[in-house]
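The next block holds one structure in the form of structure tokens; read it before the comments.
There are 2 protein chains.
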Amino acid sequence: MRPTLRLGLETFGEQGTSSMNTLPQEIEKESFRLILADMGAHSFSPEELAIVVRVIHATADFDFRETIRFHPQAVRAGVTALRQGCTIIADVRMVEVGISVEILSRLGGRTICDVRHPQVCEEARALGLTRSAVAMRRNARHIQGSIVAVGNAPTALLEVIRLVREEGIHPALIIGVPVGFVNAAESKEELLTLDVPYITTLGRKGGSPVAVAIVNALLRLASYERDDG
Amino acid sequence: MRPTLRLGLETFGEQGTSSMNTLPQEIEKESFRLILADMGAHSFSPEELAIVVRVIHATADFDFRETIRFHPQAVRAGVTALRQGCTIIADVRMVEVGISVEILSRLGGRTICDVRHPQVCEEARALGLTRSAVAMRRNARHIQGSIVAVGNAPTALLEVIRLVREEGIHPALIIGVPVGFVNAAESKEELLTLDVPYITTLGRKGGSPVAVAIVNALLRLASYERDDG
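In order, the protein sequence lines correspond to chains A and B.
Under our numbering, think of the first position of the first sequence as 1, with each following residue one higher.
Under our numbering, think of the first position of the second sequence as 1001, with each following residue one higher.
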């Protein structure tokens, strides 16, 4: 077994603890143990597995084991960008505030989320677009080399895809896991066709906790790998 | 059919729109139409249905139709408290920032979430507790008459239950929908035994978007009813 520290899942293969334990680190440890026990056969790399386990931990939903898709370069691209102190652009505040700012700032990164900026609200009203789509367009210049994390709005993901296709902007990684009944599944199918590293979850399901879990798993991978080096 | 405005689901019974529409209000309308078409038989009151639809809208997960539980007085208690300008106490920032602050402040309410307060962090470390549980204890004096919204931490919900049982504190409504593998399901079973209005989702699933969807559905009910009255 590989060193567990490197994956940010210190619990791999460890004994479970009492389920009534309230120590935060013990709760997480026991959760990871239970998830791994139910994972079954899979073809994830160890790093991808660390991400999948955190997604299931955040949602208690094993469907994501089946629907998650990693571009072959996704983990490496995300970790490299984070170690270079990249910006993370979130579609909604619920994603932004969930990101582990302690690790991110230690790596020199920061978050951007302009969904509540007065100009964004005004432009969205005027154009009949969602605020999160307008916010992505507004931050086009920051998207190059960044990690984009879309946990809520399919329209934000579609706008990022448009920026890549039509304006030649290349994020380091797109985490595209919007949730919903209108355009969520379709926007993710579009993402699969892009020549940019992505992590996504096929179908309607996704959400802010999924985006946050993926970002924070990558932050741990980036942090541990750097600590090791 | 009852007036749809009162439920805050303006879409009930309306025609669907093109799935490629990007107008925010049209996306929501079409989403509600799709969810209602798949709801099947149920015994929710119209107000409860408005909440369930928003939960499914936020998660794309129809499991919540089966697992959601409403105390008989939950909707009335929540709407009444909101109309009186009650405080909403959130366990995590992801819940707090998702709450529709426009409607809440119009009703005279505010949110509290102390999970990142330096004293909370210090006390949590010292006592070996989660920060969200310590934050609930710290805000015990604000919980009386408030709406408590727990979307993440079972330990926070267990602490609120303890405050009710041992310290005689009575929130107006407990929205207890933590997610996870350790104590989430157990904490919700405990909640069902309390003599306090609650809304919960049995089992492991829940999450910040579920808590936010319930709060925002109640805010719309409170707002529309007052507008009507």
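Ideal Cβ positions, reconstructed from N, Cα and C, are used throughout, including at glycine.
It should be emphasised that the depicted structure is a prediction, and the values quoted were computed from it without experimental measurement.
Below 8 Å CB to CB, which residues in the same chain sit around Val1120(B) once its five sequence neighbours on both sides are set aside?
Taking the first residue of the second sequence as 1, we reach residue 1120(B) at position 120. The residues are Asp1114, Arg1131, Val1134, Ala1135 and Arg1138.
Using three-state DSSP, classify Leu194(A) as helix, strand or coil.
As a working note, residue 194(A) is residue 194 in the first sequence. Coil at Leu194(A), not helix or strand.
If you count every other CB in all the chains shown that lies within 10 Å of the CB of Gly1040(B), and 16 or more means buried, which is it?
For the purposes of this step, residue 1040(B) is identified with residue 40 of the second sequence, where counting begins at 1. Classification for Gly1040(B): exposed.
Would you kindly work out how many angstroms separate the C-alpha atoms of Ala1222(B) and Thr1080(B), rounded to a whole number?
As a first step, residue 1222(B) must be located in the second sequence, where it is residue number 222. As a first step, residue 1080(B) must be located in the second sequence, where it is residue number 80. When rounded, the distance between both Cα atoms is 7 Å.
Using a C-beta to C-beta distance shorter than 7 Å, which residues of chain A count as neighbours of Glu1102(B)?
Position 102 of the second sequence, counted from the start, is the residue given in the question as residue 1102(B). By Cβ distance, chain A contributes nothing, its closest Cβ being about 11 Å from Glu1102(B), past 7 Å.
With Phe1044(B) as the anchor, note down where its beta strand (DSSP E) starts and where it stops.
Start at 1 with the first residue of the second sequence, and residue 1044(B) comes out as number 44. From DSSP, Phe1044(B) is part of no beta strand (DSSP E); its letter is neither H nor E.
Buried or exposed: Arg220(A), going by 16 or more other Cβ atoms within 10 Å of its Cβ?
Residue 220(A) sits at position 220 when you count from the first residue of the first sequence. Buried: at least 16 other Cβ atoms inside 10 Å.
Could you tell me which whole alpha helix (DSSP H) segments of length 4 or greater appear in the stretch 1037-1115 of chain B?
List check, alpha helix (DSSP H) in window: 1046-1059, 1063-1067, 1074-1083, 1093-1098 and 1101-1106.
Within its chain, find whatever has a CB closer than 7 Å to the CB of Glu48(A); leave out the 5 residues flanking it on each side and keep chain order.
The residue labelled residue 48(A) in the question sits at position 48 within the first sequence. If we look at Glu48(A) and ignore the five residues flanking it on each side, its Cβ neighbours are Phe70 and Val75.
Skipping 5 residues on each side, what residues in its chain have a beta carbon closer than 6 Å to that of Val1148(B)?
Position 148 of the second sequence, counted from the first residue, corresponds to residue 1148(B). These residues qualify, in order along the chain: Ile1089, Val1160, Pro1171 and Ile1174.
In angstroms with no decimal places, state the Cα-to-Cα distance between Val85(A) and Ala140(A).
By 1-based counting over the first sequence, the position of residue 85(A) is 85. By 1-based counting over the first sequence, the position of residue 140(A) is 140. The sequence given here has Gly at residue 85(A), not Val. Their Cα atoms are separated by approximately 18 Å.
Going along the stretch 53-85 of chain A in order, which residues come within less than 8 Å of chain B, judged by CB to CB distance?
So the close ones are His57, Ala58, Thr59, Ala60 and Asp61.
Could you check whether the Cβ of Arg1054(B) sits closer than 6 Å to any heavy atom belonging to the ligand FMN?
With respect to small molecules bound, the structure shown includes none, and the ligand FMN cannot be examined in it.
Pull out every residue of the stretch 23-38 of chain A whose Cβ sits closer than 7 Å to any Cβ of chain B, in chain order.
Taking 7 Å as the Cβ-Cβ cut-off against chain B, the residues of the stretch 23-38 of chain A that qualify are Leu23, Pro24, Ile27, Glu30, Ser31, Leu34 and Ile35.
Using DSSP bridges, identify the partner residues of Ile1175(B).
In the second sequence, counting from the first residue as 1, residue 1175(B) sits at position 175. The partner list for Ile1175(B) (beta bridge, DSSP) reads Ala1149(B) and Ile1199(B).
Hey, how far is the Cα of Val1215(B) from the Cα of His1057(B)?
Counting from one through the second sequence, the residue named residue 1215(B) turns up at place 215. Counting from one through the second sequence, the residue named residue 1057(B) turns up at place 57. So the two alpha carbons sit approximately 14 Å from each other.
Between the C-alpha atoms of Val1095(B) and Ser208(A), what's the straight-line distance to the nearest angstrom?
Sequence index remark: in the second sequence, residue 1095(B) carries index 95 (1-based). Sequence index remark: in the first sequence, residue 208(A) carries index 208 (1-based). Their Cα atoms are separated by approximately 11 Å.
If Val150(A) sits next to Ala211(A), beta carbons under 8 Å apart, how far is it from one beta carbon to the other, in whole angstroms?
On the first sequence, position 150 is the one that residue 150(A) refers to. On the first sequence, position 211 is the one that residue 211(A) refers to. Yes, Val150(A) and Ala211(A) are in contact; Cβ-Cβ is about 7 Å, under 8 Å.
Cutting at 6 Å between CB atoms, please list the residues of its own chain near Ala217(A), excluding the five before and the five after it.
Taking the first sequence and counting its residues from 1, one reaches residue 217(A) at position 217. Taken in chain order, the residues that qualify are Ala50, Ile51 and Arg54.
Do you know how far the Cα of Asp1091(B) is from the Cα of Gly98(A)?
By one-based count along the first sequence, residue 98(A) stands at place 98. By one-based count along the second sequence, residue 1091(B) stands at place 91. If I take the Cα positions, the gap works out to 13 Å.
Would you mind telling me which residues of chain A sit closer than 7 Å to Val1097(B), beta carbon to beta carbon, in chain order?
Within the second sequence, the letter at position 97 stands for residue 1097(B). Correct list: Arg93, Met94 and Val97.
Is the beta carbon of Leu1127(B) sitting closer than 7 Å to the one on Leu1107(B)?
On the second sequence, position 127 is the one that residue 1127(B) refers to. On the second sequence, position 107 is the one that residue 1107(B) refers to. No, the Cβ-Cβ distance between Leu1127(B) and Leu1107(B) is not below 7 Å.
Leaving out five residues on either side along the sequence, give the residues of the same chain with a beta carbon under 8 Å from the beta carbon of Leu104(A).
What you label residue 104(A) is simply residue 104 of the first sequence in a count that begins at 1. Counting only Cβ-Cβ distances below 8 Å, and skipping sequence neighbours, we find Leu82, Ile88, Arg110, Thr111 and Leu219.
May I ask you to report which of helix, strand or coil DSSP gives Arg1162(B)?
Walking along the second sequence from the start, residue 1162(B) turns up at place 162. Arg1162(B): helix per DSSP, three-state reduction.
In three-state DSSP terms, what is Phe1181(B)?
Here residue 1181(B) corresponds to residue number 181 of the second sequence, with the count starting at 1. Reduced to three states, the DSSP call for Phe1181(B) is coil.
Residues of chain A with CB closer than 8 Å to the CB of Pro1209(B), please, in chain order.
Within the second sequence, the letter at position 209 stands for residue 1209(B). What Pro1209(B) touches in chain A: Met94, Val179, Gly207, Ser208 and Pro209.
Measuring only the C-alpha atoms, how far is Leu157(A) from Ala1185(B)?
Along the first sequence, one-based indexing puts residue 157(A) at 157. Along the second sequence, one-based indexing puts residue 1185(B) at 185. If I take the Cα positions, the gap works out to 33 Å.
From Glu66(A) to Val1182(B), what does the alpha carbon distance come to, in whole angstroms?
Taking the first residue of the first sequence as 1, we reach residue 66(A) at position 66. Taking the first residue of the second sequence as 1, we reach residue 1182(B) at position 182. Those two C-alpha atoms are separated by around 23 Å.
Could you tell me which of Glu166(A), Pro154(A), Gly168(A) and Ala213(A) sits nearest to Glu189(A), measuring between CA atoms?
On the first sequence, residue 189(A) is found 189 positions in, with the first residue counted as 1. Nearest C-alpha to Glu189(A): Pro154(A).
Tell me, please, whether the CB atom of Thr200(A) is closer than 7 Å to any CB atom in chain B?
The count along the first sequence starts at 1 and reaches residue 200(A) at position 200. No - not a single Cβ of chain B is within 7 Å of the one on Thr200(A).
Using 7 Å as the threshold, is the C-beta distance between Leu191(A) and Thr200(A) below it?
Position 191 of the first sequence holds residue 191(A). Position 200 of the first sequence holds residue 200(A). Yes. Within cutoff.
Identify which residue in Ala124(A), Gly203(A), Ala213(A) and Asp61(A) has its Cα closest to the Cα of Pro178(A).
Locating residue 178(A) in the first sequence gives position 178, where the first residue counts as 1. Minimum Cα distance to Pro178(A) is reached at Gly203(A).
Report buried or exposed for Gly1176(B), applying the criterion of at least 16 other Cβ atoms within 10 angstroms of its Cβ.
In the second sequence, the residue the question calls residue 1176(B) occupies position 176. Gly1176(B) is buried by the Cβ-count criterion.
Kindly indicate which residue of Leu1034(B), Glu1102(B) and Val1164(B) has the alpha-carbon position closest to the one of Val1196(B).
Locating residue 1196(B) in the second sequence gives position 196, counting from the first residue. The candidate whose alpha carbon is nearest that of Val1196(B) is Val1164(B).
Find the residues of chain A that neighbour Arg1184(B), judging by a C-beta separation of less than 9 Å, and give them in chain order.
For the purposes of this step, residue 1184(B) is taken as the residue at position 184 of the second sequence. The amino acid occupying residue 1184(B) in the given sequence is Ala; Arg does not appear at that position. Those within 9 Å of Ala1184(B) in chain A are Ala60.
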